[in-house]
Amino acid sequence: MYKRASLLLAVLLLLMIVLPAQNLQQIYTGLLENFRNKNYKEVIKTGEQVLSKLDKDRKPQQEAYAMFAYFTGSACIGDNQYLKAEPYLRDAVRLLRKMDNKTDELGNACNDLGDLYNRMGRNTEAE
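If you want it as structure tokens, here you go:
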């Protein structure tokens, strides 16, 4: 528990340096609110800004990257930007598979990726 809390604190501190105007939790809270209100363009804009500052290959940033990628990709589906959604959702699924504590999020990301492939007519991949 202590190790996880200190890791999260380190990630938040790092991101506060990278994103000085707001802390990551505030940005994430705003992103979720916009997603719930179907303000997909705003979710995409915010998600892309945050994701451009995160490194998906660095362990401390992967959880944040996975969650922002998931919501950005799902917002792209909501905004009918299917080609743009795919890399975000694929990244989210790949990263969430590595995390034992994110099974619900992994299920949602897999479902959205399958839905995306179905909408694109890629039925084999959708399964």
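Following this note's numbering, the numbering of the sequence shown begins with 76 at its first residue and continues without gaps. A virtual CB, placed ideally from N, CA and C, is assigned to each residue, including glycine.
Counted within 10 angstroms of its Cβ, other Cβ atoms place residue i as buried (16 or more) or exposed
i, result
"S149", "buried"
"A96", "Residue placement at A96 cannot be trusted, given a pLDDT of 41 that sits under 50; what the coordinates show is reported in the next sentence. By the 10 Å Cβ count, A96 comes out exposed."
"K113", "exposed"
"L107", "exposed"
"Q101", "exposed"
"N109", "buried"
"E202", "exposed"
"K177", "buried"
Cβ pair residue i, residue j closer than 9 Å
i, j, result
"T147", "E117", "no"
"M195", "E138", "no"
"L164", "D187", "yes"
"A141", "D166", "yes"
"D154", "Y103", "no"
Contact with chain C by residue i, beta-carbon distance below 9 Å
i, result
"N198", "Of the chains in the structure shown, none is chain C; there is only one protein chain."
Residues near residue i by beta carbon distance below 7 Å, same chain, minus five either side
i, result
"D185", "As written in the sequence, residue 185 is Cys, which differs from the Asp given in the question. Here the set comprises V168."
"G182", "none"
Own chain partners of residue i with C-beta closer than 8 Å, once the 5 adjacent residues on each side are dropped
i, result
"A144", "G122, L126, K131, Y163, L164, D166, A167, L170"
"D190", "I152, A201"
Proximal residues to residue i (C-beta, below 6 Å), its chain only, five neighbours per side dropped
i, result
"E200", "Y192"
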